[in-house]
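Written out below as structure tokens is the structure these notes cover.
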Amino acid sequence: MIYLEGVTKTFHSSERSYTALKTISLTIQSAEYLAIVGKSGSGKSTLLNMIAGIDHPTEGIIRINDTQINELDEDQLARWRGKNIGIVFQFFQLIPTLTICENLLLAMEFVNVIPRSQRETRAITLLTQVGIADQADKMPASLSGGQQQRAAIARALANDPPVILADEPTGNLDSKTASSVHQIFRELAENGKTVLVVTHEKDTSLKYQRTIWLADGEIVTPPVNEIIA
Ligand SMILES: Nc1ncnc2c1ncn2[C@@H]1O[C@H](COP(=O)(O)OP(=O)(O)OP(=O)(O)O)[C@@H](O)[C@H]1O
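In our numbering, the protein residues as written are -18 to 210.
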């Protein structure tokens, strides 16, 4: 379960302070497939970064399963994140000089929870799960966008984290490929992963179990037309 209580994030610079998240309270159950939707600047990525432990809240509590992550220091957070969070980005961010399989193996090496002897088999199993086992020995640049995003999802699963966070994961894909990526996420949630997707997409109703709308750093109830840019 992901639990946020009174989470506020204020960015300070020499000229001004800006509160990007305003006392957000939110509970997300395990195995939910959930969207965070809002227009540009509404605080979606900031919220995702808080849940990923990439950035610290200014105030508030963030508990993920048994860990209150706002109390961890940077080293503890990095170790916790490796085991607990898989991240998928809009532009895939695969390492271009490594094959697809090596990208997954590197993620396992960084975190070092999957025994070395099991890593290669696990990489192929994950690539099979996302439908691109035949691309394992290719370089990222020779794959289509959809195939690269599948590889990035497999990489996010490499260390078997309970939570997958995705920032605009279908923003760079055509609609048919985007639906196949949604299908993979849905199946992951059906199999117990908690999947949170940040998106601008207007057409969220059928894809997700639940949609959280953000505007100006607060959770709001839509009228949809007023919220999406
Ligand atoms: N490091 C930072 N320093 C100062 N302000 C920041 C910082 N990061 C984000 N902000 C501000 O916080 C607000 C929310 O930003 P955030 O990136 O979370 O929005 P978003 O909804 O993800 O937008 P987009 O869809 O364009 O990515 C914006 O006004 C942004 O300028």
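Beta carbons are placed, not taken as given, at the ideal position from N, Cα and C, and that holds for glycine.
Nothing here was measured: the structure is a model prediction, and the numbers come from that model.
Item                                                                                                                       : Value
Inter-residue spacing [alpha-carbon to alpha-carbon] between I200 and T102                                                 : 42 Å
Where the alpha helix (DSSP H) containing I76 begins and where it ends                                                     : Element bounds for I76: n/a, residue is neither H nor E.
G24 beta carbon near ligand 1 (any heavy atom closer than 7 Å)                                                             : yes
Bridge-paired residues (DSSP) for W194                                                                                     : V18, V201
Outcome for G(-13) when other beta-carbon atoms lying within 10 angstroms are tallied against a minimum of 16              : exposed
Opposing strand residues paired with D148 [DSSP bridges]                                                                   : V179
Contact the stretch 134 to 145 vs the stretch 74 to 85: 3+ CB pairs below 8 Å                                              : yes
Contact test: A1 Cβ vs ligand 1 heavy atom, cutoff 7 Å                                                                     : yes
Beta-carbon contacts of A210 that lie in its chain and below 8 Å, excluding the five residues immediately before and after : At A210, the pLDDT of 48 sits below 50, so the modelled position is not reliable; the number obtained from the coordinates is stated separately. Within the same chain, A210 has close Cβ partners K20, S21, H181.
Beta-carbon gap between A170 and Y(-16) smaller than 8 Å                                                                   : no
Alpha-carbon to alpha-carbon, T4 and I68                                                                                   : 24 Å
Segment contact flag, the stretch 104 to 119 with the stretch 23 to 43, C-beta cutoff 8 Å, min 3 pairs                     : no
Distance between A159 and Q99 (C-alpha atoms, nearest Å)                                                                   : 31 Å
Beta-carbon contacts of K174 that lie in its chain and below 6 Å, excluding the five residues immediately before and after : I145
Burial state of N65, where buried means 16 or more other Cβ atoms lie within 10 Å                                          : buried
8 Å contact criterion, which M(-18) and T8 should meet: CB distance rounded                                                : 7 Å
A133 (DSSP reduced to helix, strand or coil)                                                                               : helix
Cβ-Cβ separation, L195 to G24 (assumed contact under 8 Å), whole Å                                                         : 5 Å
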